[in-house]
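Residue numbers (the numbering used here): 106 to 815.
Note that the Cβ used here is the ideal one computed from N, Cα and C, for glycine as well.
In this text, all values refer to a predicted model and were calculated from it rather than measured experimentally.
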């Protein structure tokens, strides 16, 4: 037999923390009082209409309602919080049991079932709680007698005599259902909330709720799998009975685990007190060290102060002696009164030396001691940083490692990290970064909390170096800092553009993707047909393509990737005039000596390289980066061939007339030269054979959030 008082915990509403009153079943299968649902929705409506109003407490969302009008309550009961005014009407309700937003559908509260079983159990609990308080008969003449039964059809309580009078034998009322004395009269038949005149007689296995036959025929459950109420009753009762029997059979195991939990509680209390004592001792040690340092520092300052005051006081006394009728001057005045020449000379010589020293000190006045105590200023910035990092460390929490391969620095920075071990991962991470600069060696760390294992940083300066580190937190426990990693930002703001598919674009040889961010040159029949005119020592014509945006001022940087299998690719910048010359004066063949920046060993290149040209192109291909020949370049051809970086950057300074080519992964300049920026300059590319170029995509501030959503 179950003692009704032992299940009180199951009979408390999660909203008002009191016994359920007319509980409703939410779609998440949690129950809540009918009045609490209305009050929560009423509070939500106020919070949406008045943004400055205080929101209800999460653990106890009930608030005191100041006599709201009944029409407003009914309106809230039928509606609720809307997701979007442009979407279908749906009621979102924050369940206080599971802390999730629950969709109540278009009918709102009206579409919820009353939990009659729970209501009955609550009433039995109330009866057990007020066993000493009797329920009186509703029909006795004063004084009323104690009731012995209650009629569920009449919703009234009767004593034995009144029940016989109002339920005569042989009448319809004699067939009424009666129970023990109660004040809770629930409806005899459970009706469908969508079709109020229909009783529920089926059970929807998809929605897990009772429905009527109209719901199945043409309602919201038309395409759902349903079963009869009797079948659902037998199935659920059998499952519940088996589960209860299993739990009862494991009563000894449950008691054993309760005992273990009791021991764990005591152990936790002891360990917690011990940890508090150890932490207090550690802080006491720090306090002792600081107190000792404080005493030493104060004693040193006090000794220096006393010594300086003594020197200054002596100097004051010496200067006071220079006053008339005082000290040295007064003594000299008395010596002057001596008339005996031999005695005067004997005394005056030494006195004259002292007077001269006093005169010199007046001409070059200098205090005997410094008033500043700059030598006693203590720099505690590093100690403050160390104390600020003081936290609990755990061997079970991995130290995260920044994955340099997954990190990317472009218009923004994407910093990614991972946990190398198998220990518990952190709940939250703290990413810190600071700028490295000789003029700002003591730059403070900037920190940001991250829930994922990557973060986009947007506030970095160009042409700068930054160091990054990360640590994990799990509750009050934190890991050690990761190894610091240094990244370099681009030398100039990132310049965004796409490939131009109109100006000189050769669609027979070049292939653009729909986004115009990638271009490929494929060696096919057009190249073979053109090979008929190729002579010894000549190559076929390059196919040019430019950016769709020009540069007329400022300093800009852009990056791209060249396919490793590319045979020949030329990249750089060119003026609009030079581009028109290339595109409108095509040649069937191009000699390697024709262009000074071709990257080949040609003697003719040296003749005009010193003069600034309206274009600069470098050659890439066969996994190599060719530095153009120049007086300042290495004489050996092999030393002018570098491994081709995976990502190549170009930086154009329009005002200074300089263009530089970079290893964009490490922001290292590989080659730089002057260029004539007399007109509008465009990013220029040329391809031949099987080649491919992919523009580097800009980093979007919320790109990581989109990836997580996907």
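Where residue i falls: helix, strand or coil (DSSP)
i	result
residue 260	coil
residue 382	helix
residue 138	strand
residue 550	coil
residue 277	helix
residue 660	strand
residue 667	strand
residue 302	coil
residue 345	helix
residue 374	helix
residue 566	coil
residue 583	strand
residue 206	strand
residue 653	coil
residue 601	coil
residue 255	strand
residue 179	Confidence is the limiting factor: at residue 179 the pLDDT is only 47, short of 50, which leaves the residue's position unreliable and the question unanswerable from this model.
residue 460	helix
residue 125	coil
residue 120	coil
residue 225	helix
Backbone CA spacing between residue i and residue j [nearest angstrom]
i	j	result
residue 450	residue 466	24 Å
residue 708	residue 745	Annotation note: pLDDT 40 at residue 708 (below 50); position unreliable, no value reported.
residue 181	residue 210	Note that residue 181 scores a pLDDT of 45, beneath 50, so its modelled location is shaky; the value from the coordinates is reported in the next line. Cα-Cα distance, rounded: 13 Å.
residue 200	residue 135	8 Å
residue 415	residue 458	25 Å
residue 512	residue 202	41 Å
residue 260	residue 286	11 Å
residue 522	residue 775	29 Å
residue 585	residue 514	25 Å
residue 156	residue 146	Caution applies to residue 156, whose pLDDT of 44 falls short of 50 and renders its modelled position unreliable; the value that the coordinates give is listed next. Their backbone Cα atoms lie some 15 Å apart in a straight line.
residue 803	residue 517	8 Å
residue 338	residue 311	16 Å
residue 434	residue 474	25 Å
residue 313	residue 231	30 Å
residue 711	residue 734	Caution is warranted here: a pLDDT of 39 is assigned to residue 711, below 50, making its placement in the model unreliable, and no coordinate value can be reported.
residue 808	residue 224	Note on residue 808: pLDDT 48, under 50, position unreliable in the model; no value is reported.
residue 118	residue 252	30 Å
residue 353	residue 557	43 Å
residue 133	residue 665	51 Å
residue 282	residue 335	21 Å
residue 605	residue 566	30 Å
residue 525	residue 510	15 Å
residue 646	residue 797	17 Å
residue 619	residue 730	29 Å
residue 668	residue 764	23 Å
residue 532	residue 583	10 Å
residue 370	residue 362	12 Å
residue 627	residue 801	21 Å
residue 883	residue 504	No statement about residue 883 is possible, as the shown extent of the chain runs from 106 to 815 and does not include it.
residue 215	residue 239	35 Å
Cβ-based neighbour list, residue i, same chain, cut-off 6 Å, excluding 5 preceding and 5 following
i	result
residue 206	197 and 199
residue 175	Residue confidence is low: residue 175 scores 43 on pLDDT, short of 50, so the model does not pin down where it sits. Its coordinate-derived value is still stated next. Nothing meets the Cβ criterion.
residue 542	none
residue 300	317 and 319
Contacting residues, own chain, Cβ-Cβ under 7 Å from residue i (five flanking each side not counted)
i	result
residue 773	767
residue 520	507, 512, 536, 559, 560, 562 and 573
residue 167	Because the pLDDT at residue 167 is just 36, under 50, the model does not fix this residue reliably, and the value given afterwards should be weighed accordingly. If we look at residue 167 and ignore the five residues flanking it on each side, its Cβ neighbours are 120, 121, 141 and 144.
residue 327	321
residue 813	Residue confidence is low: residue 813 scores 41 on pLDDT, short of 50, so the model does not pin down where it sits. No coordinate-derived value is stated.
residue 799	622, 623, 665 and 666
CB contact check: residue i to chain B, cutoff 7 Å
i	result
residue 484	Of the protein chains in the structure, only one exists, and it is not chain B.
Beta-carbon contacts of residue i that lie in its chain and below 8 Å, excluding the five residues immediately before and after
i	result
residue 128	118, 136, 137, 138, 139, 219, 220, 223, 224 and 227
inquiry  = Report the start-end ranges of each beta strand (DSSP E) in the segment 471–545 that is 3 residues or longer and not cut off at the edges.
reply    = List check, beta strand (DSSP E) in window: 518–523 and 533–541.
query = Is the segment 298–307 touching the segment 331–349 in the sense that three or more CB pairs, one from each, lie closer than 8 Å?
reply = A contact is defined here as three or more CB-CB pairs under 8 Å, and the segment 331–349 meets this definition with respect to the segment 298–307.
inquiry  = Report the start-end ranges of each beta strand (DSSP E) in the segment 744–786 that is 3 residues or longer and not cut off at the edges.
reply    = Complete beta strand (DSSP E) runs here, min 3: 746–748, 753–758, 763–768 and 773–779.
request  = Report yes or no: do the segment 576–592 and the segment 655–668 share at least 3 C-beta pairs separated by less than 8 Å?
outcome  = Between the segment 576–592 and the segment 655–668 there are fewer than three C-beta pairs closer than 8 Å, too few to call the two in contact.
query = Taking three-plus beta-carbon pairs below 8 Å as touching, is the segment 720–729 in contact with the segment 787–801?
reply = The segment 720–729 and the segment 787–801 touch, with no fewer than 3 CB-CB distances between them shorter than 8 Å.
inquiry  = With three or more beta-carbon pairs closer than 8 Å as the criterion, would you say the segment 472–488 touches the segment 559–579?
reply    = The segment 472–488, when compared against the segment 559–579, does not touch it at the 8 Å Cβ threshold.
query = With contact counted as at least three CB pairs below 8 Å, one residue from each stretch, are the segment 530–538 and the segment 571–578 in contact?
reply = Per the Cβ contact rule, the segment 530–538 is in contact with the segment 571–578 (3 or more Cβ pairs under 8 Å).
query = Could you give the uninterrupted runs of the alpha helix (DSSP H) lying entirely in the segment 397–436, keeping only those of 4 residues or more?
reply = Runs found: none.
query = Is it true that the segment 239–249 meets the segment 260–270, where meeting means three or more beta-carbon pairs spaced less than 8 Å apart?
reply = By the Cβ test, the segment 239–249 is in contact with the segment 260–270, since at least three Cβ pairs between them sit closer than 8 Å.
task = Identify every run of the beta strand (DSSP E) within the segment 607–632, keeping only runs that are complete inside it and at least 3 residues long; order them along the chain.
result = The segment 607–632 contains these whole beta strand (DSSP E) runs: 615–617 and 623–626.
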